[in-house]
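Trainee:
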Amino acid sequence: MLLPEDHLAVQDAIRAFVQAEIAPHAAAWDKTHHFPAEQLRGLAALGCYGVAVPTEWDGAGLDYLALAVILEEIAAGDGGTSTVVSVNNCPVCSILMA
4 MLLPEDHLAV QDAIRAFVQA EIAPHAAAWD KTHHFPAEQL RGLAALGCYG
54 VAVPTEWDGA GLDYLALAVI LEEIAAGDGG TSTVVSVNNC PVCSILMA
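Here the working numbering runs 3 ahead of the position in the sequence shown, where the first position is 1.
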C-alpha cells in the first residue's frame, strides 16, 4: 500500500527525528536503564501524542494510519520509546474519547 502524501510527510518528519535523536542512543539507554524524557518531549512537540484525537480536544486530528506510521518509525529506532508513545495514544485516548 502506498501512503498518501500527508502520511509520507509525517513519516519523513518522524524518521528524521528518530534517526537523529533516538536510534543512536537506544542501545546505551537499554544498558543503563535510561528513560528518554528529553526525546519524548521532542516527539510530543512533533505531535506524536494525541495523534487521532480531534483538534478541538487539542489533539493532532490525524487518523489511525498516521498513528501506525508514527509508531513504526519510532519502533525502528527504539522499541521501548515506541511503547511509551503507543500507550499514551491507543488505550488512553480511545477511552477518553468514548
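In this text, a Cβ means the ideal position worked out from N, Cα and C, and glycines have one as well.
Just to confirm my understanding: we take residue 33, look at its own chain, exclude 5 residues before and 5 after, and list those with CB closer than 6 Å. What are they?
Mentor: In the sequence shown, the residue the question calls residue 33 occupies position 30. There are no such residues.
Trainee: Between residue 66 and residue 53, which are expected to be in contact by the criterion C-beta below 8 Å, what is the C-beta distance as a whole number of angstroms?
Mentor: As a position in the sequence shown, residue 66 is number 63, starting the count at 1. As a position in the sequence shown, residue 53 is number 50, starting the count at 1. At roughly 13 Å, the Cβ-Cβ gap does not stay under 8 Å, so residue 66 and residue 53 are not in contact.
Trainee: Pick out whichever of 87, 68, 76 and 25 has its Cα sitting closest to the Cα of residue 7.
Mentor: Here residue 7 is taken as the residue at index 4 of the sequence shown, counted from 1. If we check each option's Cα against that of residue 7, 68 comes out closest.
Trainee: Taking just the CA atoms, how far does residue 81 sit from residue 26?
Mentor: For the purposes of this step, residue 26 is taken as the residue at position 23 of the sequence shown. For the purposes of this step, residue 81 is taken as the residue at position 78 of the sequence shown. Straight-line Cα distance between these residues: approximately 6 Å.
Trainee: Whose C-alpha, out of 46, 97 and 56, is nearest the C-alpha of residue 14?
Mentor: Counting from one through the sequence shown, the residue named residue 14 turns up at place 11. Closest by alpha carbon: 46.
Trainee: Tell me which same chain residues have a C-beta within less than 7 Å of the C-beta of residue 24, skipping the five on either side of it?
Mentor: Within the sequence shown, residue 24 is the residue found at index 21, counting from 1. Once the five neighbours on either side are set aside, the close Cβ partners of residue 24 are 42 and 45.
Trainee: Grab me the residues of residue 50's own chain with a C-beta within less than 7 Å of its C-beta, minus the 5 sequence neighbours each way, in chain order.
Mentor: Here residue 50 refers to the residue found at position 47 when the sequence shown is read from its first residue. Around residue 50: 63.
Trainee: For residue 87, which residues in the same chain have their Cβ closer than 7 Å to its Cβ, ignoring the five residues on either side in sequence?
Mentor: Reading the sequence shown from its first residue, position 84 is the one you call residue 87. The residues are 43.
Trainee: From this set, 73, 89 and 93, which residue's C-alpha is nearest residue 19's C-alpha?
Mentor: In the sequence shown, the residue the question calls residue 19 occupies position 16. Ranking the options by Cα distance to residue 19, first place goes to 73.
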